[in-house]
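So the sequence lines, in the order shown, correspond to chains A and B. When we follow the working numbering, the leftmost residue of the first sequence carries the number 1, and every step to the right adds one. When we follow the working numbering, the leftmost residue of the second sequence carries the number 1001, and every step to the right adds one. We put the beta carbon where it would ideally sit given N, CA and C, even for glycine.
2 protein chains.
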Amino acid sequence: MTTQAENTVGFIGLGQMGLGMATRLLESGQSLVVYNRTQDKARPLADAGARIANHPADTATKGGIVISMLADDAAVEGLFDDQLLARLGPGGLHLSMSTLGPATATRLAERHKAHGVDYVACPVFGRPDAARAGKLWLCLSGPASARTRLETLLAAMGQGVYEFGDDPAAANVTKLAGNFLIASAIEAMSEAYSLAEKHGVDADAVHQLLTQTLFACPIYQNYGKAIVEQRFTPPGFTLRLGAKDMRLVQDAARAAEMPMPLASLLGDRFLRMLAGGQGDIDWTGIAADQRQAAGLISQ
Amino acid sequence: MTTQAENTVGFIGLGQMGLGMATRLLESGQSLVVYNRTQDKARPLADAGARIANHPADTATKGGIVISMLADDAAVEGLFDDQLLARLGPGGLHLSMSTLGPATATRLAERHKAHGVDYVACPVFGRPDAARAGKLWLCLSGPASARTRLETLLAAMGQGVYEFGDDPAAANVTKLAGNFLIASAIEAMSEAYSLAEKHGVDADAVHQLLTQTLFACPIYQNYGKAIVEQRFTPPGFTLRLGAKDMRLVQDAARAAEMPMPLASLLGDRFLRMLAGGQGDIDWTGIAADQRQAAGLISQ
């Protein structure tokens, strides 16, 4: 029993992504104690052998590991309070897999350090199906010894780990840069394909050419297909989450005192769509906003 | 001699791209008569067996084929005048491989038709090295019978042909859509990598992660590498040509009465760089403008 408890890892946050990741960990033989604000979402994990905690701090054991996959910076800062960090205590480790701003990562790392807890950032690339299949791409940064300790857990969740050194902020900057590139690609395809459509050219034929040649990569192939087919529900990643990430990108640019004109354009695009009540569709839905602006959808 | 002359194809425009394409045609056994405003550029082709014409119209034979690869719409409209088209005459064919606006293609097709000449649009994707190696991607549209007639020539120049129907404007819209996607990717990487750099994160490490996973495709891999290495000369495709294409994209959007906010942003970026005297560097040089705006290059 002692060994079992010592090896048990905490997991907080069972949204679409967290649920898939936690399920993979259980499948790999990892014992878990899980917490979610809405307890119902933890039910499938309990059936698969996880213990359900009634309070976030109950996921922590002295010197153990807690993984978090939460919606935003405020959720992570709110849940990883002094109570939880005291329960983890010296030798404890928090593997923070949410997409957070670099300033938040720095602040969290300092708070963790005061309790002797290592803070490791590991935001992920991939949709819920990739999370469920253990095929995420992982961006890792934090103290070197803590990174080594996580190898088995990360191998269960990802198909590859890219390391960015000791500063937990670095992995978050990288993740934001990646999400910004994805949103930019969605914007560019939305504009290009609507131009084709308005000129009477088959957007799918344009998409086939471009994604079989110069842009033969997953983002253009998969997101472009959703754009051509105008398939924006169910969302793999909601516009609301995309808007949150664009805000984080713009905050990071402001903190570094540098302009990012395309990030500003995307920030406005997302805000207009949120204002229009479209926060819950997939972020490829940018194409719908563009088609409406182009007069391809009647108001 | 008659057969030889009948089979000889005209080729007008021996810039970096045209020279490579014409060389490939000669290598494939095609006899050529070539014209370039600056005759010196035709010298290597003469050595390889091409005949040099002193006047554009001298590249045309009755019912034959003339290929053009020129810098812009005005050059094509200027050279393919009534004199040249009368020389080509009924059964003649003009294979127009420059990147032109769709409105220009439509206007040229009408003018050609008045002389009984088929106008076929076939803009290409690929840099000068791809042109030289016969590895271009070809976007083809125009009358079906004329397209069939071109199969052997196109096979010598490209690694793949994508067809867009009978309307010559369609291939040009497709090509503009593609160049717009490339410029958008350059802009996005320029902003993302400068964000990483300003936050002290190794831009090359970010580039490696993204282009080995989500963006594992030629445009991101090759152009991103140039951006990370800040290698903007010698140009594969100049900023001045990029600016011309963005103008064509914006003209096509205006003609279709639709906004393209990212195209507008790019148009302004290119104009600012032209104003700064940077027209002759590669268009990945957008990254230099972004790094300067971010305070990463001293003024």
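DSSP, reduced to helix, strand and coil, places B:Ala1060 outside both helices and strands of the structure shown, so it counts as coil.
Taking A:Gly13 as the centre and dropping the five residues before and after it, the same chain places the C-beta of Ser68, Met69 and Leu70 closer than 6 Å to its C-beta, in chain order.
Within the stretch 124-180 of chain A, complete alpha helix (DSSP H) segments of at least 4 residues are found at 128-132, 144-149 and 151-157, given in chain order. The secondary-structure analysis by DSSP pairs A:Ile52 across a beta bridge with A:Val34. A direct Cα-to-Cα measurement between B:Pro1044 and B:Pro1102 gives close to 33 Å. Under the three-state reduction of DSSP output, A:Thr238 falls in the strand class. Leaving aside the five residues that flank B:Val1161 on each side, the residues in its chain whose CB is nearer than 6 Å to its CB run, in chain order, Leu1138, Leu1140 and Leu1154. B:Leu1084 has its alpha-carbon roughly 42 Å from the corresponding atom of A:Gly224. Taking a C-beta cut-off of 8 Å against chain A, the contacting residues of the stretch 1128-1149 of chain B are Trp1137 and Cys1139, listed in chain order. In this structure, the CA atom of B:Leu1136 is about 14 Å from the CA atom of B:Gly1178.
The beta carbon of A:Asp73 is closer than 7 Å to those of Leu100, Gly101 and Thr104 in its chain, skipping five residues each way along the sequence. The beta carbon of A:Val66 is closer than 6 Å to those of Gly10, Thr59, Ala60 and His94 in its chain, skipping five residues each way along the sequence. Leu1181, Ile1182, Ser1184, Ala1185, Glu1187, Ala1188, Met1189, Glu1191, Ala1192, Tyr1193, Ser1194, Leu1195, Ala1196, Lys1198 and His1199: these are the residues of the stretch 1181-1199 of chain B whose beta carbon lies less than 8 Å from some beta carbon of chain A, given in chain order.
For A:Phe270, the uninterrupted alpha helix (DSSP H) segment begins and ends at Pro261 to Ala275. Here the C-alpha atom of A:Met258 lies approximately 35 Å from the C-alpha atom of A:Met157.
Between the stretch 1226-1235 of chain B and the stretch 1281-1293 of chain B, the count of Cβ pairs shorter than 8 Å is three or higher; the stretches touch. For A:Leu150 and A:His115, the gap between their C-alpha atoms comes out near 20 Å. Counting the other CB atoms within 10 Å of its CB gives A:Thr148 a total below 16, which places it among the exposed residues. Distance from the CA atom of A:Gln212 to the CA atom of B:Val1120, rounded to whole angstroms, is 23 Å.
The alpha-carbon of B:Ala1188 is positioned some 48 Å away from that of B:Pro1090. Listed along the chain, the chain B residues whose CB falls inside 7 Å of the CB of A:Ile219 are Leu1214 and Phe1215. Residue contact check for B:Leu1241 against chain A: no CB pair falls below 9 Å.
According to DSSP, B:Tyr1223 shares a beta bridge with no other residue. By a beta-carbon distance limit of 8 Å, A:Ile219 does not contact A:Ala183. Their separation comes to about 10 Å. With a contact defined as Cβ atoms closer than 8 Å, A:Arg240 and A:Leu274 qualify at about 7 Å.
Scanning chain A for C-beta atoms nearer than 8 Å to the C-beta of B:Pro1259 yields Ala293 and Ala294, reported in chain order.
Of all residues in the stretch 99-116 of chain A, only Pro102 place a beta-carbon less than 7 Å from a beta-carbon of chain B. Counting along the chain, B:Leu1214 sits inside no beta strand (DSSP E), nor does DSSP assign it H or E at all.
Three or more Cβ pairs drawn from the stretch 16-32 of chain A and the stretch 47-56 of chain A lie within less than 8 Å of each other, which places the two stretches in contact. Boundaries for A:Asp47: no beta strand (DSSP E) harbours it, while the alpha helix (DSSP H) harbouring it runs Arg43 to Asp47, taken from the DSSP string. Contact between B:Met1097 and B:Val1117 does not hold, since their C-beta atoms are separated by about 16 Å, which reaches or exceeds 8 Å.
C-alpha of A:Ala287 to C-alpha of A:Ile227: approximately 6 Å in a straight line.
Taking a Cβ-Cβ cut-off of 9 Å, B:Thr1233 has no neighbours in chain A, whose nearest Cβ is about 22 Å from it.
Boundaries of the alpha helix (DSSP H) around B:Gly1018: Gln1016 to Glu1027. Burial state of A:Thr174 is buried, judged by a 10 Å Cβ sphere holding 16 or more other Cβ atoms. In this structure, DSSP gives B:Val1249 a helical state, which the three-state scheme calls helix.
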